[in-house]
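J.:
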Amino acid sequence: MIRVVGLGMTMFAFWMILSGSLTIEHSLLVWFAIGSCIFVVYISKRMDFIDREGVPLFLGGRFLGYFLWLLKEIFKSNVAVAKIILSPSLPINPNMTVFKSSQNTDLGRVIYANSITLTPGTIVTGVGVNGMQVHALTLADTQNEEDEMDKRATLVEGAA
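Note that the working numbering has the sequence shown beginning at 246, numbered continuously upward.
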């Protein structure tokens, strides 16, 4: 039941952020928003979309710490890619490689794959149960960085 209420409140909060108004003049719109949220939550519940992995409230603070670490890694990768691009010799060594993934759930694999793709210079081209196929501009430090990202993504996933 907490996931149902959490989903409804999240949807309504998202609507409020996008609309930016909760006044008497717009009360009809607010009621339509509440009705729409209730309808979507009802349909989602009936279709059995609301489960532990679909509404990941259990990630909580673990995800916030991971997100801050990921922002730092994205910044470092941006600087590294900028150096490569601005270098007159353009020292790239594009390659495809497979990274092992230790996540147990689809949500964990999605977090890991999206983290790799968000990091400049790498992109995930395929996801499997035991690994990810990744295209990278350089292979030099990629493996060590991805091992660290895999460990951290697994910690975020926790005992999901």
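Ideal Cβ placement from N, Cα and C applies to all residues, glycine included.
Going by the beta-carbon positions, is the gap between L315 and L363 smaller than 8 Å?
T.: For the purposes of this step, residue 315 is taken as the residue at position 70 of the sequence shown. For the purposes of this step, residue 363 is taken as the residue at position 118 of the sequence shown. Yes; because the gap between Cβ atoms is below 8 Å, this pair is in contact.
J.: Do the stretch 344–353 and the stretch 371–378 make contact, defined as three or more Cβ pairs closer than 8 Å?
T.: yes
J.: Suppose the cutoff is 7 Å on Cβ atoms and the five residues either side in sequence are ignored; what does the same chain contact list for N338 look like?
T.: For this step, residue 338 is matched to residue 93 along the sequence shown. Contacts found: T383 and L384.
J.: Could you say which of H271, S272 and F284 lies nearest to G253 if we only look at CA atoms?
T.: Your numbering for residue 253 matches position 8 in the sequence shown. Out of H271, S272 and F284, F284 has the C-alpha closest to the C-alpha of G253.
J.: If you draw a straight line from the C-alpha of I295 to the C-alpha of T350, how long is it?
T.: Mapped onto the sequence shown, residue 295 falls at position 50. Mapped onto the sequence shown, residue 350 falls at position 105. Distance between the alpha carbons of I295 and T350 is about 16 Å.
J.: Quick one: Cα of A405 to Cα of R248, how far?
T.: Taking the first residue of the sequence shown as 1, we reach residue 405 at position 160. Taking the first residue of the sequence shown as 1, we reach residue 248 at position 3. With a pLDDT of 47 at A405, under the threshold of 50, the modelled position of that residue is not reliable, and no figure is offered here.
J.: What separation, rounded to the nearest whole angstrom, lies between the Cα atoms of A381 and L273?
T.: What you label residue 381 is simply residue 136 of the sequence shown in a count that begins at 1. What you label residue 273 is simply residue 28 of the sequence shown in a count that begins at 1. Spanning the two alpha carbons is a distance of roughly 51 Å.
J.: First and last residue of the beta strand (DSSP E) that includes V343?
T.: Against the sequence shown, residue 343 aligns to sequence position 98. It spans N340 to K345 - the beta strand (DSSP E) in which V343 sits, taken as one unbroken run.
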